[in-house]
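> Input: one structure, supplied below.
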Amino acid sequence: AQKVTQAQTEISVVEKEDVTLDCVYETRDTTYYLFWYKQPPSGELVFLIRRNSFDEQNEISGRYSWNFQKSTSSFNFTITASQVVDSAVYFCALGGKAAGNKLTFGGGTRVLVKP
Amino acid sequence: ETGVTQTPRHLVMGMTNKKSLKCEQHLGHNAMYWYKQSAKKPLELMFVYSLEERVENNSVPSRFSPECPNSSHLFLHLHTLQPEDSALYLCASSLARDRQYEQYFGPGTRLTVT
Chain A
1 AQKVTQAQTE
11 ISVVEKEDVT
21 LDCVYETRDT
31 TYYLFWYKQP
41 PSGELVFLIR
51 RNSFDEQNEI
61 SGRYSWNFQK
71 STSSFNFTIT
81 ASQVVDSAVY
91 FCALGGKAAG
101 NKLTFGGGTR
111 VLVKP
Chain B
116 ETGVTQTPRH
126 LVMGMTNKKS
136 LKCEQHLGHN
146 AMYWYKQSAK
156 KPLELMFVYS
166 LEERVENNSV
176 PSRFSPECPN
186 SSHLFLHLHT
196 LQPEDSALYL
206 CASSLARDRQ
216 YEQYFGPGTR
226 LTVT
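These protein sequence lines are chains A and B, in that order. First residue of the first sequence? That's 1 in my numbering, and the numbers climb one at a time after it. First residue of the second sequence? That's 116 in my numbering, and the numbers climb one at a time after it.
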């Protein structure tokens, strides 16, 4: 079975602060894929990143960065210099054979960036 | 239109009504999905279609009936719903029904059952 845990249900920061969202996963698969999605108030889930289990390189995309630590089964997401437009719910997801190739989503973390 | 579109964006229906949700993807994908997102609950996968064939039904009540006439369109037919069915219904598509492919989501239909 697969499981994704996002322990932080809500994080509130002031604009320009950095914010890190935690994601811990469980899977029996040796090959799996991890994803982050953003859900703004409009409702649409926006794909942010996909990471393969065999690629532990961290990634940076603009103000976003991801830290994949296979040893601790974590795939954390950091927003640097947060902006009001970053306010949204962020979901971590896991895909692997153990769950029949479907994505397992975490419960989401709501980020509120105040001006 | 680009990406994944869903209509209507908002729907209010009585328990005895029959309505349909529509999803269309313009990405050339071969797999489509229906998810239900209720308040304070994780995203729940309802149905998976791959190449127009339903390959997954996660114990969804029969009052929800999906239809996939072609790889670009997906419908969710609703009848005799319950108030607890009120939720955001999200459609997604991916290149294939495979764990490695990211899913692209539509904006969702906010459904309220009265």
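Think of the CB as a built atom: it goes at the ideal place given N, C-alpha and C, for glycine as much as any other residue.
Just curious, the beta strand (DSSP E) that Gln152 of chain B is in, first and last residue?
Ala146 to Gln152
> So Val163 of chain B contacts chain A; which residues on that side make the cut at Cβ distance below 8 angstroms?
Lys102
> Closer than 6 angstroms by C-beta to Thr104 of chain A: which residues in its own chain qualify, once you throw out the five before and the five after it? Chain order, please.
Take Thr104 of chain A, set aside five residues on each side of it, and the residues of its chain with a beta-carbon closer than 6 angstroms to its own are Gln2, Val4 and Leu94, in chain order.
> Below 8 angstroms on the Cβ atoms is my contact criterion, and I expect Gln140 of chain B with Leu205 of chain B to pass it. Report the Cβ-Cβ distance as a whole number of Å.
About 13 angstroms; that fails the 8 angstroms criterion.
> What's the call for Phe75 of chain A, buried or exposed, on a 16-neighbour Cβ count within 10 Å?
buried
> Quick check on Val85 of chain A: does DSSP put it in helix, strand or coil?
Residue state, collapsed to three classes: helix.
> What three-state label does DSSP hand Thr72 of chain A in the structure shown?
helix
> Are the C-beta of Arg28 of chain A and some C-beta of chain B separated by less than 8 angstroms?
no
> Specify the secondary structure class of Lys231 of chain B as computed by DSSP and reduced to three states.
Residue 231 of chain B is absent from the model: chain B starts at 116 and stops at 229.
> When the cut-off is 8 angstroms and only beta carbons count, does Glu59 of chain A lie next to chain B?
no
> Which chain B residues are close to Leu34 of chain A, counting only those with a beta carbon under 7 angstroms from its beta carbon?
Going along chain B, no residue has its Cβ under 7 angstroms from Leu34 of chain A, so there is no contact; the nearest lies around 10 angstroms.
> Using a Cβ-Cβ cut-off of 6 angstroms (strictly less than) and excluding sequence neighbours within five positions of Ser53 of chain A, which residues of its own chain qualify?
Thr31 and Tyr32
> CA-CA distance, Tyr164 of chain B and Ala146 of chain B?
5 angstroms
> Is it the case that the segment 9-29 of chain A contacts the segment 168-187 of chain B, given that we only count it when at least three CB pairs across the two stretches are under 8 angstroms?
no
> Helix, strand or coil for Ala98 of chain A? Go by DSSP, reduced to three states.
helix
> Give the range of the beta strand (DSSP E) segment to which Val13 of chain A is assigned.
Glu10 to Val14
> Between the alpha carbons of Val89 of chain A and Lys133 of chain B, how many angstroms are there, rounded?
31 angstroms
> Closest Cβ-Cβ distance between Gly223 of chain B and chain A: below 8 angstroms?
yes
> Check each residue of the segment 179-213 of chain B: if its Cβ is closer than 7 angstroms to any Cβ of chain A, include it; give the result in chain order.
Along the segment 179-213 of chain B, going in chain order, the ones with a CB nearer than 7 angstroms to a CB of chain A are Leu203, Leu205, Arg212 and Asp213.
> From Leu158 of chain B to Leu203 of chain B, what does the alpha carbon distance come to, in whole angstroms?
Going by the C-alpha atoms only, they are around 10 angstroms apart.
> Mind checking Thr224 of chain B: buried by the 16 CB within 10 Å criterion, or exposed?
A residue is called buried when at least 16 other Cβ atoms come within 10 angstroms of its Cβ; Thr224 of chain B meets this threshold and is buried.
> I want to see whether chain A comes within less than 8 angstroms of Gln218 of chain B, judged by CB atoms only; does it?
yes
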